[in-house]
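Numbering (the numbering used here), first residue to last: 6 to 146.
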């Protein structure tokens with residue numbers, strides 16, 4: 006598991022973000038810093054820049070659809086954001102694609118917790134054959 010997580014959201018998703026902050030701290034015993042709320046673009050940029058700089062191991066961003074924050078986050082070099090709607094997508098996005106930003110949409114709190122747990126617990130790579138593909142993506146920056 007990674008040690009330091011950044012998280013932010015749009016204003017309407019503050020209750021979900023707050024629940025995830027508590028969950029990550031108490032149930033997963035990880036350090037998580039709350040980057041607050043704001044426009045999906047601004048929040049995604051702040052979280053992604055912090056992860057890309059290496060100040061945080063991974064980041065979580067939340068908006069209504071998950072798509073907007075993922076799109077904005079992926080504009081930051083070194084940010085590899087994915088929008089996951091279930092635990093299997095989260096698992097594969099880590100083990101195969103080495104995502105470091107998780108974009109969530111408005112969803113039930115328990116579903117979000119499961120996605121976050123699986124995403125944070127999944128190492129990269131599942132198999133060595135995925136490393137060269139990730140390096141190709143990194144070299145596109």
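Cβ coordinates follow ideal geometry from the N, Cα and C atoms, glycine included. Being a predicted model, the structure only gives us computed values, none of them experimental.
Residue j beta carbon less than 8 Å from that of residue i
i	j	result
residue 127	residue 83	no
residue 29	residue 136	no
residue 86	residue 53	yes
residue 123	residue 95	yes
residue 139	residue 103	yes
residue 49	residue 78	yes
residue 61	residue 9	yes
Where residue i falls: helix, strand or coil (DSSP)
i	result
residue 109	strand
residue 66	strand
residue 1	The displayed coordinates of the chain run from 6 to 146. Any statement about residue 1 would go beyond what the structure contains.
residue 121	helix
residue 11	strand
residue 47	helix
residue 73	helix
residue 116	helix
Beta-ladder partner(s) of residue i, from DSSP
i	result
residue 89	Bridge partners of residue 89: none, in fact.
residue 42	14
residue 36	9
Counted within 10 angstroms of its Cβ, other Cβ atoms place residue i as buried (16 or more) or exposed
i	result
residue 17	exposed
residue 144	exposed
residue 141	exposed
residue 81	buried
residue 6	The pLDDT assigned to residue 6 is 48, lower than 50, so where the model puts this residue is not dependable, and the model offers no usable value.
residue 22	buried
residue 65	buried
residue 36	exposed
residue 90	exposed
Any C-beta of chain E under 8 Å from that of residue i
i	result
residue 54	In summary, chain E is missing from the structure at hand, where a single protein chain is found.
Review point. Quick check: the segment 36 to 44 against the segment 12 to 19, are there 3 or more CB pairs under 8 Å?
Key: yes
Review point. Quick one: any contact between the segment 65 to 82 and the segment 103 to 117, if contact means 3 or more CB pairs under 8 Å?
Key: yes
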